[in-house]
Structure formats: C-alpha cells, structure tokens
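Mature numbering (1 follows the signal peptide of the UniProt record, and there is no 0) puts the sequence shown at residues -26 to -1, 1 to 755. The structure under discussion appears below in the form of structure tokens.
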Amino acid sequence: MKNHIKLTAIAASVAGTLLMSTALHAAPTHDKNVIGYLTQWEAWKGPQHGFTVAGEATHLNVDMDIYSILNYSFFGVAKDGSLHSGDLRNKQIYQPDAVQEPGSLLYTDVYSSWDLHILWGELEYLWSYPGNEAWEAENLARVQAQGFVPNGNGWLHEPSGVSGEMPIPLKKEGGAPGLIDLANEKGVKVMASLGGWSMSKHFPEMAADPVKKARFLADIDKLMALGFHGIDIDWEYPGTGGMNFSGTEADYANFEQLMEDIRARIGDDKLITAAFKATPAALEGFNWERLVSSMDYFNMMTYDLNGGWSNVTGHNSPLYPYPEEEFAGLTLDTLRDWMVNERGIPAEKINFGAAFYGRGVQTTASTAYLGAPTDKRMVNFEVDGPTNSAVDITNWANFEGQPSYNYLTKQPGWEHFWDDNARVPYAVNGKYFLSYDDPQSIREKAEYIVNNDLGGIIVWQVHGDIECNGTFTSFGSKLKQCSELSSPLAEQIDNVFSQNVVPNAAPVLVVPANLNANSGQLISFKVSATDSDGDALTFSVTGATLVDNGDNSATVTFLAPETAQDVVERVTVTVTDGKKSDSEVVTINVKGTGEEVNTAPILNAPSSIQVNAGDVATISVSATDAENDTLTFTTSLGTIVQTGNSAVISVPTSESTQDSTLNVIVTVSDATDNTTAAVVVNVKGNEDPSGNTWNKDQVYVGGDSVIYNGVTYTAKWWTQGDVPGASDVWQEKDDGSVKAWSPTKAYNGGDKALYQGVTYKAKWWTKGDTPGTAGAPWEQI
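Shown next, in the form of structure tokens:
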C-alpha cells in the first residue's frame, strides 16, 4: 500500500492551504484560461444535491474573480438543424428511432424554466403590451428600450428574435443582473455551449446537410444577438458516436468545416471552442492544422475516463498512469504527450478538464479497492435509459452515481486514500468505490498545466464545489445570492495560476457625454483609452460601427433610426487589453421628424413542415404590424385562405415513392412594405410496391433508411448513387445476428463481426483491419 495512502494527514495539510488561499484571494491577473460550465438545470436542485437552498446554483453564486470564461449549457440540435433550449430536450432520445423535434431557442415560460432568469437576471412581468395612453407611457418606454414588440398574443424580443407568451419578461431596473451583463461587468466571457451527451444526436446530419446547417447558423446569429461572446461546441462525439447515433469517418471533415462556417458567421473577434473526447483514438481523425486555424481553444474532457461501464474500478480523472488501470493511456499526461509532442498542437490552445464531482461504482469484492472487478446490472438512468452498469446508486441515488464535491465530502462512512501514482484520491465504503478530485489533486493538475505551458483548465461544473457560509438575499421569486461564498476547488486553481504574476491594470475608457442626432442622420464621434501597463488595446462597439485609429483611440459611426417620434438610442463601447476591459454607454438623443414612418410587418411562419406524398401540405402563418395596418398574405405555391392577421396555405403534393422538397415563399404586406419567409415542405415518398425504396438519383443523408433487394439499410452520411450492400456508406439493419466481416465495411467501436468462425468486437473505428491479426483493433469474444 505504499502508493495508496490514507488521507488524514493530507487533509490537514490541504486545509491549511485552503485557509491561506482564501485569505489572500483577489481578482486573478494571470493569463491562463479558467473555463467553467454553468448548466441551466442545476438551479432546480437543493439540499439533497449538496446545496443550501434551491436556486443557489445560478450565475449569482459563481466567483467571477476566478473564472475567465463561463459556458452556458446546453442548447440542443434538433432534427432540422435548428437549436433549442435544453429544457425542451426529448427525454426519450435514448430510444431507437427517437428524434429531437424543433423547439424555441429559449424556454420562455418564466415559471417552468431558468433560461430567462439566468440570462436576463431579475425580472418584472407585464401581462399586456402597453398602449399609447399617457398612463402607460413609462411602461411603453421600458419595453421599447429593452427591444420588445407585440407578437400576436405574446411578445417578440427584436434584437435576438426570441419570442414568447405573456407576461413580457422585463429586466428589473436596479435588479440583479443577468449572466451576460454580470460577466461584462467583471470582464468575463460567456459562451453558448451547444450539444452535450444527450443533445448531440443530430449534429452529424446537420453538419453534412447544407439546408440544416443554414438553420443552425441562423440560430447562431440569434445567440450572438443575445450577447454571447462565442460558441462552444459539445458534439459528443464526431467519428465515434454517442447517445443513439453512430459516428462516421465523414464526421471529422464535417466538424472541421462547421468550425470554419461558424468562424465566418461570428467573426474573428469572437471565441470558438469545443469539448473533445480525451483519448487519442477518438482524435486521430481530425485535421488538427485546420482546427488550429479556425478555433481558439480545445477543451479536453479529461474526466469520465472510468465509471459504471468499466470492468474494474479506476480513476475518473487521473493525472498519470497507474498499475491498476483497465486500459493504458487514459490519463492527462498521456494525452498531453500525444497532442503536443506527437501531433504538434499548440500547447496554449489546450485546456484540460477538472472534475468537481466523483464517480461511484459497486464491486464484487466485500471491501472495494482500486482495480477491483465491478458488479454490473441493468439500471434505468434518467438520461441514458436502461443500461448495464456498475454505478453506485445505493450511496448516490440523487446523483445517479456522480455526486458533486460539495456533497460527497459531507457523507460519513467512507475511508479515503491517495494514489501516489495517478496523483488523485479515492474512497471505499464496503463494496462501494468512489473516484473523485480534492483540493490537493486539483492543485497538482493546475501546477501541471503551468509547468507544461498549457492554455488552462475546464471545470465541470462551476457549482460542484460551492459552499455558502453566509446568508441569502432573494432577487424576485427565483434568484438568490449568497453573502459569503467559497469554492475550495476553484480557489486552488486560482491560487496556482496567480503565483508570481505581475498584476494587470484595467484600461480606462473615455467617451463623449450625451449626443444629439436627427432622424436618419449619420454621425461620428471619437473615443479614447489609456492603460497604465502600456498594453495594446482593442476597441469594440455594439449598436454602431467602429474604426480603430491605432493610437489608443477609435472613431465610432452611428446611423440614427428613421423615426417620427423622439427616441433615445444607446451605443456601448468596450476597450480591452486582452485581460481586463472597460465599457461605457454613449446616449444619443434622436430628434424625430414628426412624420409617421412605416414599419414592415412581422411574419411568423414555420421553417419547415413534413407531409406524405399525395397529401395536401397545410401551412399556418400569422403576422403583426406596429401601425395596425391591414395586412395581405400571398404565397408562391398553393392556395391561401386569410382570416384577419392569420392565414392557412394549402399546397397539394403528387404521389411518389421518392422523398422530395418544395420551397414555399410566403409574403405579408401592409401596402407599403413587405416581409417574406421561406417554408420548406418535406414530402415523404410512399413505399414502392416492389418493396425497394432506394433510388440511385436520390440524395440521402445520415439516418435515412431504404430497402434494397429485401434488406433494410441506413445511410451513415450524405450519399447519392452508392448501391446499398456495395458501399460502406450504407449500414445493414441489425437483426440481432453477427454478420461476416467485410474488408470494405467501416466498423465503429463495439461493432461485432464473424471471421473464420470466430466472433470479434471492434475496439474503435476500423476499416480493412483483419480480425485476429497482430495489432488489429479487434478483440475475440
């Protein structure tokens, strides 16, 4: 037991370190990334999950003096390529043939979701849109200033395109700020994280289909309009597959192209990151030079390396190799060596993971130990569904075997050990084994990052270690803020990264006082900044355009809106030295013409619908108009029946055995201005009487199924003209039997094949590697 030390003495040593780091804690001045995932579902949790009260796990209880980037998690990808709130995730997505239907980008039910409370902060509700009466003037000014306009019986937030039913969720003046506003005050970036384990199913088909990708990128525009500083992609996983979908070799190139498409969409001044599986076998398919040129950081998920799926107990996030590991190479050190030394990936772009949670399993041993055989049985997980797993749900039922650090440390009955090889702790309680990270192991990971010149660290997730040592102040019915918050694991990271660093001073921005402009007038004004450290400065602006003059000043150009009424516009200017920033608002009083200016109507139409061949496609649309003008709808196809500000379009389709699409252009006019929208009608072909549904001229994308010569095949990726059974783009439907190995077929990890009477299972993706030969990625079963 030389390398497996009881933690009594270590705990005392770490406790002293914690007291020291807490007493000396200050805003970080280092240049390392500290990236934390902030989930939109954690806020529902309370004492049974390690928190003092429900509502504690929000942005108001994150130490933004420690984190440099926060990833708001997650937005999911729907079957049509659009993005949706994590609240709208299909909870049956683990089931065969289950898909994710499209949904709203934010779940705007203020009573059933935390989306708006976290992103927009403390809210006040208006149950109707204010009119033009004098007594409603104040509320009307507020809703207009925040970008809300009427939308049928609800509201539309024009800057982002987000809409919802009543009430209107107004940011409360002087109330608790939202995540992005608070982060801007602190100089912290906020990323929109897309995907995650249970919302990645449709990533492959979206990335391979130009139409679906266009919808995806349109929703990226909406996220950036909400104020996010960049996009974090959590496609779990390209090439190797994930929950209820198989990966393909085409995923790698499609991923690379997607990163370039996002970069072109959001610009060079925004961030692009992605979470990657932390095993070289899953990373070899990427063109890393291409990714280096389009992305800012690679976030390596160096956790979840062992768990309920493992055959023997192992560490969740080991720093170094250890003798008891089931599979060699699943460590931070091994991955760094492969990425930096073998592939030449810039170390400063690599962020390694820190787990603020543990993983518990049950073993067959009466007293568990590192390397003990695990005891698997069928478990019905909330997210994964029925799964054969050794997960410990006896001790960690509310966490499904993944207790957060702030909960597991309070549980009695566990004997704690330190693995001197892997440099991480673990704990034993009878037959149960728990792998986790503590302040000492987190500190050593941070030191490893510094010593190897890596970019920084990613944390899953920011509320896993928080402790409220004070009292809570409520902001509305949802938000609560702790008066004295500690984050013992995050503080270790900050302490290590901040050592021997010269403090950085924030730049100081100077902007003009209130300005005046006439309706439609183009005006320019100058802003300037100073920096006591002499750092290079970068200017940016929202609500206008900007030219950097190169002398620590910039010229801002603002185009006043054409308006009949006097209005007040605001332009936000920001200057940064790369570490800290300063923002100021310039108020511009716009003089109206006194003449009415027409506003184009707002059209609400679905992006796509589906109909069977031979049936009539029915499209329901509606519109609103700020001036309440009479509206007229027209359509490029079919017939239209209008009722007030709504209309129903009927488009007949022809009988066919082939899938096809129709593009319907809908237009609404107020007699002065027009607004149009394109609706894609996906026409599903009927089955061929002969039984064959494959057509050599038809384009198929990943997930499409056909019948050919009586056999059902599923497309792995985009294809046209490739004969099923003769090309590895098609996968034969699994009827339960193991098929003979084929040298032209691509196999994913876990796939089985029969070769010379022996059954083999693929260890990872392979094609052309003969089972049973030396070095082949096959194991006999």
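Note that the Cβ used here is the ideal one computed from N, Cα and C, for glycine as well. Note that this is a predicted model, so its numbers are computed, not measured.
(message) I'd like to know whether the C-beta of Lys384 is nearer than 8 angstroms to at least one C-beta of chain B.
(response) Checking the listed chains, one finds no chain B in this structure; it contains a single protein chain.
(message) Below 8 angstroms on the Cβ atoms is my contact criterion, and I expect Asn425 with Ile9 to pass it. Report the Cβ-Cβ distance as a whole number of Å.
(response) Contact doesn't hold; Cβ gap of about 19 angstroms is too wide.
(request) Could you name the residues of the same chain whose beta carbon sits closer than 7 angstroms to that of Val571, not counting the 5 residues immediately before and after it, in chain order? (result) Glu536, Thr537 and Ala538
(message) Looking at the secondary structure, which residues open and close the beta strand (DSSP E) in which Ser59 lies?
(response) Leu57 to Ser59
(message) On the criterion of 16 or more Cβ atoms from any shown chain inside 10 Å, does Thr744 qualify as buried, or is it exposed?
(response) exposed
(message) If distances are taken between C-alpha atoms only, which option among Trp715, Gly216 and Asn158 comes closest to Ser172?
(response) Gly216
(request) Starting from the C-beta of Arg116, find all residues in its chain whose C-beta is less than 7 angstroms away, skip the five residues before and the five after it, and write them out in chain order. (result) Leu144
(request) Could you work out which residue in Tyr422, Gln466, Lys726 and Val365 is closest to Gln414 when comparing CA atoms only? (result) Gln466
(request) May I ask you to verify whether the stretch 26 to 41 touches the stretch 321 to 336, counting CB pairs closer than 8 angstroms and requiring at least 3? (result) no
(message) For Asp206 and Glu230, what's the separation of their Cα atoms in angstroms?
(response) 14 angstroms
(message) Count Cβ pairs between the stretch 538 to 551 and the stretch 561 to 577 that sit closer than 8 angstroms; are there 3 or more?
(response) yes
(message) Going by DSSP, what residue range makes up the beta strand (DSSP E) through Ala591?
(response) Val590 to Thr598
(request) Would you tell me roughly how many angstroms separate the C-alpha atoms of Glu16 and Thr32, rounded to the nearest one? (result) 8 angstroms
(request) Using the Cα positions of Val123 and Ser86, report the straight-line distance between them to the nearest angstrom. (result) 23 angstroms
(message) Mapping the DSSP letters down to three states, classify Arg116 as helix, strand or coil.
(response) helix
(request) May I have the straight-line CA-CA distance separating Gly95 from Gln495, to the nearest angstrom? (result) 34 angstroms
(message) Quick test of the definition: if touching needs 3 or more C-beta pairs under 8 angstroms, does the stretch 279 to 293 touch the stretch 301 to 312?
(response) yes
(message) Strictly by DSSP, which residues pair up with Ala329?
(response) Trp434
(request) List the whole-angstrom C-beta distance separating Leu309 from Ala252, where the pair is believed to meet the contact cut-off of C-beta under 8 angstroms. (result) 5 angstroms
(request) Please classify Glu753: does DSSP put it in a helix, a strand, or coil? (result) strand
(message) Assuming Pro477 and Asp505 are in contact, meaning their beta carbons sit under 8 angstroms apart, how far apart are those beta carbons, in whole angstroms?
(response) Contact doesn't hold; Cβ gap of about 13 angstroms is too wide.
(message) Using C-beta distances below 6 angstroms, list every residue in its chain close to Arg317, excluding the 5 sequence neighbours before and after it, in chain order.
(response) Trp262
(request) Tell me whether Val314 sits in a helix, a strand or coil according to DSSP, three-state version. (result) helix
(request) Have a look at Leu511 and Gln632 and give me their C-alpha separation to the nearest angstrom. (result) 58 angstroms
(request) Pull up the distance between the alpha-carbon of Val27 and that of Ala157, whole angstroms please. (result) 23 angstroms
(message) Quick check on the DSSP output: the beta strand (DSSP E) that includes Ile681 runs from which residue to which?
(response) Ser679 to Tyr682
(request) Kindly list the residues whose CB is nearer than 7 angstroms to the CB of Phe355, restricted to its own chain and excluding five residues on each side of it in sequence; keep chain order. (result) Thr361 and Glu374
(request) Would you check if the stretch 186 to 204 and the stretch 157 to 171 touch, i.e. whether three or more CB-CB distances between them fall below 8 angstroms? (result) yes
(request) Look up Ala748 in the DSSP assignment and say whether it is helix, strand or coil. (result) coil
(message) Quick check: the Cα distance between Asp71 and Phe177, rounded to an integer number of angstroms?
(response) 15 angstroms
(request) Flag this pair as yes or no: are the beta carbons of Val485 and Pro580 separated by less than 8 angstroms? (result) no
(message) With a threshold of 8 angstroms, are at least 3 pairs of Cβ atoms found where one atom belongs to the stretch 602 to 610 and the other to the stretch 679 to 698?
(response) no
(message) Residues in the same chain with beta-carbon distance under 6 angstroms from Ser634, minus the five sequence neighbours each way, listed in chain order, please.
(response) Val657
(request) Kindly provide the ranges of any beta strand (DSSP E) runs that are 3 or more residues long and lie completely inside the stretch 68 to 115, ordered along the chain. (result) 97 to 100
(message) Residues in the same chain with beta-carbon distance under 8 angstroms from Asp54, minus the five sequence neighbours each way, listed in chain order, please.
(response) Pro76, Lys186, Arg189, Ser581 and Ser582
(message) Between which residues of its own chain and Val685 is the CB-CB distance below 8 angstroms, once the five residues before and five after are set aside?
(response) Pro698, Gly699, Glu706 and Lys707
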